[in-house]
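Chains A and B are the protein sequences, given in the same order.
Here this note's numbering is used: position 154 in the first sequence is 154, and no number is missing along the way.
Here this note's numbering is used: position 128 in the second sequence is 407, and no number is missing along the way.
Glycine included, C-beta positions come from ideal geometry on N, C-alpha and C.
None of the values given here were measured: they were computed from a predicted structure.
For reference, the structure discussed in these notes is given below.
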Amino acid sequence: MQEVAPGIWVRPGVHEEATAANQDGIANIGFIIGRDAVAVLDPGGSLADGQALRAAVRARTSLPVRYVVMTHLHPDHVFGAAAFVDDSPVFVGHARMAGMLVQRGEFYRNALAEVLGIDAAGDYAKPSLLVEGTAEIDLGGRTLHLRAHPTAHTDNDLSVLDAQTGTLWLGDLLFVDRVPALDGSILGWLTQVAALRDAPARLAVPGHGPPAVPWPAAADAQTRYLGGLVRDIRAMIARGGDIETAVATVGQAERSKWLLFDDYNGRNVTAAFKELEWD
Amino acid sequence: MKALGMAMCIGLAAAAPAWAEQSQAEQADRWRDLKLAVFGDRPVTEGTGVIALDAPARAQDASLVPITISLSAGGGTGGGRVKAVWVLVDGNPSPLAGTFTFGPAADPHTLRTRVRVDQYTLMHAVAETEDGRLFSAERYVKAAGGCSAPSLKDPKLAMSRLGQMRLRVDGEGPLAEGQAASAQLLISHPNNNGMQVDQVSHNFIPPRYIQDITVRYGDEVVLSVDADISLSEDPAITFGFVPHGPGPIRVDVLDSTQAKFRQEFPVTAGRS
Numbered sequence: 001m002q003e004v005a006p007g008i009w010v011r012p013g014v015h016e017e018a019t020a021a022n023q024d025g026i027a028n029i030g031f032i033i034g035r036d037a038v039a040v041l042d043p044g045g046s047l048a049d050g051q052a053l054r055a056a057v058r059a060r061t062s063l064p065v066r067y068v069v070m071t072h073l074h075p076d077h078v079f080g081a082a083a084f085v086d087d088s089p090v091f092v093g094h095a096r097m098a099g100m101l102v103q104r105g106e107f108y109r110n111a112l113a114e115v116l117g118i119d120a121a122g123d124y125a126k127p128s129l130l131v132e133g134t135a136e137i138d139l140g141g142r143t144l145h146l147r148a149h150p151t152a153h154t155d156n157d158l159s160v161l162d163a164q165t166g167t168l169w170l171g172d173l174l175f176v177d178r179v180p181a182l183d184g185s186i187l188g189w190l191t192q193v194a195a196l197r198d199a200p201a202r203l204a205v206p207g208h209g210p211p212a213v214p215w216p217a218a219a220d221a222q223t224r225y226l227g228g229l230v231r232d233i234r235a236m237i238a239r240g241g242d243i244e245t246a247v248a249t250v251g252q253a254e255r256s257k258w259l260l261f262d263d264y265n266g267r268n269v270t271a272a273f274k275e276l277e278w279d
Numbered sequence: 280m281k282a283l284g285m286a287m288c289i290g291l292a293a294a295a296p297a298w299a300e301q302s303q304a305e306q307a308d309r310w311r312d313l314k315l316a317v318f319g320d321r322p323v324t325e326g327t328g329v330i331a332l333d334a335p336a337r338a339q340d341a342s343l344v345p346i347t348i349s350l351s352a353g354g355g356t357g358g359g360r361v362k363a364v365w366v367l368v369d370g371n372p373s374p375l376a377g378t379f380t381f382g383p384a385a386d387p388h389t390l391r392t393r394v395r396v397d398q399y400t401l402m403h404a405v406a407e408t409e410d411g412r413l414f415s416a417e418r419y420v421k422a423a424g425g426c427s428a429p430s431l432k433d434p435k436l437a438m439s440r441l442g443q444m445r446l447r448v449d450g451e452g453p454l455a456e457g458q459a460a461s462a463q464l465l466i467s468h469p470n471n472n473g474m475q476v477d478q479v480s481h482n483f484i485p486p487r488y489i490q491d492i493t494v495r496y497g498d499e500v501v502l503s504v505d506a507d508i509s510l511s512e513d514p515a516i517t518f519g520f521v522p523h524g525p526g527p528i529r530v531d532v533l534d535s536t537q538a539k540f541r542q543e544f545p546v547t548a549g550r551s
């Protein structure tokens, strides 16, 4: 764990796919300590990941975990929720998260169980505080400002601003070092990140990457990559190019700049092509 | 189908579950049974020279696998023009993704579309030539472990756009009378199988998928498609046609709720 700002702790994830060895600890997760309570920000990728995070909270404070904020529904961020259920926290998510979990939750559980075994997979928790627009949670003299974004990385992205330290917890709205993975709208994602640049924050916690990065400078690489995909795919569509050629050629100039590039770029291009051909 | 409604998830991109991959013998048996079900006892010959099927060996997104079918005019076998093509994804719950029948205004040359692939599977395209013979082409496709992009990223957007179409004719300038041309048709439609969940009510949304597509140039049919749930969301079909007269190109779509959509496109090349 690293304290990236006073009272803000981050456990950086490893840049790997989920394995039994890493227990799906591949995302940046952590917590924020207020005067009276703690908010967990993304409970982790598996039961073990969540338990380790919970132990890390207890090692530093005896204050209750009052909130578990889930930045979005991908398993590497939320399957550790099972480790926090006994604390009876308020599970917080984007208003669209509840419906998507009904639709995909079981699939995620099965897919993660394939890698970790069903007992180790953990489980998501249904959010009881659903955020539409903005919301605030008070940890005692420390207010966290939550924003529910229009479709970007996914269709249920939540960002958190700690005004006290000027720190933005972005979940997968921000990828650093590891190639961004698109599961929402590429145009929406670019728009939301552009809008967040004006937030009163000098530090950001990405969903994947170092535990904290300067803001907004750290968004430049991701914007360049996603913006490049949009530009090149639009040019290809205008020339009558097909999706298969796009997958083979678009984005390749960025290949050496991102980890796990070959695992995700093709899928990003596929998803973006489908979005942009209707644009 | 498992692949439907399934998200891109970071970290779970790896191999398909062990049960998903069948042995070669099982694949061959399944194809034999499928042929029987679709074509009865009509012989289906290996189609080199008549039909070729191209698909990615490993799909980027199992809900959106692009395939290209190349057809030889006359087939090199003297069988005549190809009059219909069947597209089958053997391992899908509903393997017959679509039957494409060519009309008088068609140029049966290259056909492209996108299909859903539920598991590692053989895929087949079968052509019927003018003389009634059947020829097949085959590809093995690895769906990306079922962990693929969801059908509805924004359900509100999908519904507001339902039935809208785009047509892009290849090339520059006006079409030349009687000279073969190519176009890509996009139809906005969720094409779902009933496994989607309504975000608000948490009930299952009833299935709604495209059943028929008819493309005409003027009064002549270019292409008619009998489709099913194995066709991807927002179907995209690239086809050849021979323009006679001023057009326009008219597309009629019927879905499984009996909803009808029609759109006309004036015939100059370029996006419309």
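Rounded Cβ spacing between H388(B) and G519(B) (contact assumed at less than 8 Å): Here residue 388(B) corresponds to residue number 109 of the second sequence, with the count starting at 1. Here residue 519(B) corresponds to residue number 240 of the second sequence, with the count starting at 1. Rounded, the Cβ-Cβ distance is 4 Å, consistent with contact.
Check: Which residues share a DSSP beta bridge with E136(A)?
Finding: Residue numbering aside, residue 136(A) sits at position 136 when the first sequence is read from its first letter. Here E136(A) is bridged, per DSSP, to H145(A).
With a cut-off of 8 Å, does the C-beta of R267(A) fall near any C-beta of chain B?
The residue labelled residue 267(A) in the question sits at position 267 within the first sequence. R267(A) counts as touching chain B.
Does any residue of chain A have a CB that is nearer than 8 Å to the CB of Q542(B)? Locating residue 542(B) in the second sequence gives position 263, counting from the first residue. Chain A, which has no Cβ nearer than 8 Å to the Cβ of Q542(B), makes this no.
Exercise. Have a look at the DSSP bridge pairing and note the partners of A506(B).
Key: Position 227 of the second sequence, counted from the first residue, corresponds to residue 506(B). For A506(B), which the question treats as bridged, DSSP gives the partners G377(B).
ask   = Apart from the five residues just before and just after K539(B), which ones in its own chain have a Cβ nearer than 6 Å to its Cβ?
value = Here residue 539(B) refers to the residue found at position 260 of the second sequence. Excluding residues within five positions, the ones whose Cβ falls inside 6 Å are L533.
*Among residues of its own chain, excluding the 5 on either side of R197(A), which ones have a beta-carbon nearer than 7 Å to its beta-carbon?*
Numbered from 1 along the first sequence, position 197 holds the residue referred to as residue 197(A). Excluding sequence neighbours, R197(A) sits near P216, A219.
_CB contact below 8 Å: L441(B) versus chain A_ = Start at 1 with the first residue of the second sequence, and residue 441(B) comes out as number 162. Output row for L441(B): interface = no.
Expressed to the nearest angstrom, what Euclidean distance is found between the alpha-carbon atoms of G209(A) and D42(A)?
Translated into positions along the first sequence, residue 209(A) becomes position 209. Translated into positions along the first sequence, residue 42(A) becomes position 42. Between the C-alpha atoms of G209(A) and D42(A) there is a straight-line separation of about 15 Å.
Distance cutoff 8 Å, beta carbons only. Does P345(B) sit that close to anything in chain A?
In the second sequence, residue 345(B) corresponds to position 66, counting from 1. So yes, P345(B) belongs to the interface.
Original post:
chain B partners of D24(A), CB-CB under 8 Å?
Top reply: Working through the first sequence from its first residue, we reach residue 24(A) at position 24. Residues of chain B passing the Cβ test: G290.
message = Can you look up P206(A) in the DSSP assignment and give me helix, strand or coil?
response = The residue given as residue 206(A) occupies position 206 in the first sequence. DSSP places P206(A) in strand when its eight states are reduced to three.
**Study point:** Short Cβ contact (8 Å threshold) for A212(A) with V85(A)
**Key:** Locating residue 212(A) in the first sequence gives position 212, where the first residue counts as 1. Locating residue 85(A) in the first sequence gives position 85, where the first residue counts as 1. Not a contact, by the Cβ cut-off of 8 Å.
For E596(B) and D386(B), what's the separation of their Cα atoms in angstroms? Because chain B here runs from 280 to 551, residue 596(B) falls outside it and cannot be looked at.
Does F261(A) come within less than 8 Å of chain B when only Cβ atoms are used? For this step, residue 261(A) is matched to residue 261 along the first sequence. No - not a single Cβ of chain B is within 8 Å of the one on F261(A).
Practice task
Report yes or no: do the region 149-167 of chain A and the region 107-122 of chain A share at least 3 C-beta pairs separated by less than 8 Å?
Solution key: no
For a quick check, are the C-beta atoms of V394(B) and I346(B) less than 8 Å apart? Counting from 1 along the second sequence, the entry for residue 394(B) is found at position 115. Counting from 1 along the second sequence, the entry for residue 346(B) is found at position 67. Pairing V394(B) with I346(B) gives a Cβ-Cβ distance under 8 Å.
Notebook entry, point to check: Per DSSP, V92(A) is paired with what?
Noted result: Within the first sequence, the letter at position 92 stands for residue 92(A). Answer is V69(A), L129(A), bridged to V92(A).
By how many angstroms is the C-alpha of Q301(B) removed from the C-alpha of Y399(B)? Taking the second sequence and counting its residues from 1, the one referred to as residue 399(B) is at position 120. Taking the second sequence and counting its residues from 1, the one referred to as residue 301(B) is at position 22. If you take the alpha carbons of Y399(B) and Q301(B), they lie about 8 Å apart.
Residues within the region 230-250 of chain A neighbouring chain B, beta-carbon criterion of under 7 Å:
G240, D242, I243, E244, V247
N470(B) to L401(B), Cα distance in whole Å?
Translated into the one-based positions of the second sequence, residue 470(B) becomes position 191. Translated into the one-based positions of the second sequence, residue 401(B) becomes position 122. If I take the Cα positions, the gap works out to 22 Å.
Please state whether DSSP places I237(A) in a helix, a strand or coil. Here residue 237(A) refers to the residue found at position 237 when the first sequence is read from its first residue. If DSSP states are grouped into helix, strand and coil, I237(A) belongs with the helices.
- Are the C-beta atoms of L502(B) and some chain A residue less than 8 Å apart? Counting from one through the second sequence, the residue named residue 502(B) turns up at place 223. It does not; no Cβ of chain A falls within 8 Å.
**OP:** From the DSSP output, read off the bridge partner residues of K539(B).
**Re:** Counting from 1 along the second sequence, the entry for residue 539(B) is found at position 260. K539(B) pairs with L533(B).
Status (buried if at least 16 other CB within 10 Å, exposed otherwise) for K257(A): Walking along the first sequence from the start, residue 257(A) turns up at place 257. K257(A) is exposed by the Cβ-count criterion.
Would you say Q458(B) reaches chain A, if we count a Cβ-Cβ gap shorter than 8 Å as a contact?
Numbered from its first residue, the second sequence carries residue 458(B) at position 179. Not an interface residue.
(message) Taking DSSP's pairing of strands, which residues face K421(B) in a bridge?
(response) If you number the second sequence from 1, residue 421(B) lands on position 142. Paired residue(s): R337(B).
Among N22(A), E16(A), R202(A), Y67(A), whose alpha-carbon lies nearest the alpha-carbon of F31(A)?
Your numbering for residue 31(A) matches position 31 in the first sequence. Measuring from the Cα of F31(A), the nearest candidate turns out to be Y67(A).
Contact set between T165(A) and chain E, taken where Cβ atoms lie within less than 8 Å: Looking at the structure shown, chain E is missing, and the protein chains on hand are A and B.
Can you name the residues that DSSP bridges to I492(B)? For this step, residue 492(B) is matched to residue 213 along the second sequence. According to DSSP, which records beta bridges pairwise, I492(B) is partnered with V504(B), V532(B).
Exercise for review: Give the interface partners of Q339(B) over in chain A, defined as CB-CB distance under 7 Å, in chain order.
Suggested key: Mapped onto the second sequence, residue 339(B) falls at position 60. Residues of chain A passing the Cβ test: V247, G266, R267, T270.
C-beta neighbour in chain A for R395(B), strict 8 Å: Your numbering for residue 395(B) matches position 116 in the second sequence. With 8 Å as the cut-off, R395(B) does not count as an interface residue toward chain A.
Could you name the residues of the same chain whose beta carbon sits closer than 8 Å to that of D369(B), not counting the 5 residues immediately before and after it, in chain order? Counted from its first residue, the second sequence places residue 369(B) at position 90. If you ignore the 5 residues before and after D369(B), its C-beta comes within less than 8 Å of the C-beta of Q306, R309, W310, L313, T400, L401, M402, H403, all in its own chain and listed in chain order.
| task | Could you tell me whether the Cβ of R391(B) comes closer than 8 Å to any Cβ of chain A? | result | In the second sequence, counting from the first residue as 1, residue 391(B) sits at position 112. Yes, its Cβ sits closer than 8 Å to a Cβ of chain A.
- Item | Segment contact, 8 Å Cβ cut-off, at least three pairs: the region 410-422 of chain B with the region 239-252 of chain A | no
Evaluate H74(A) with the Cβ neighbour count: other Cβ atoms within 10 Å of its Cβ, from every protein chain shown; 16 or more gives buried, anything less gives exposed. To locate residue 74(A), count along the first sequence from 1; it is residue 74. Result: buried.
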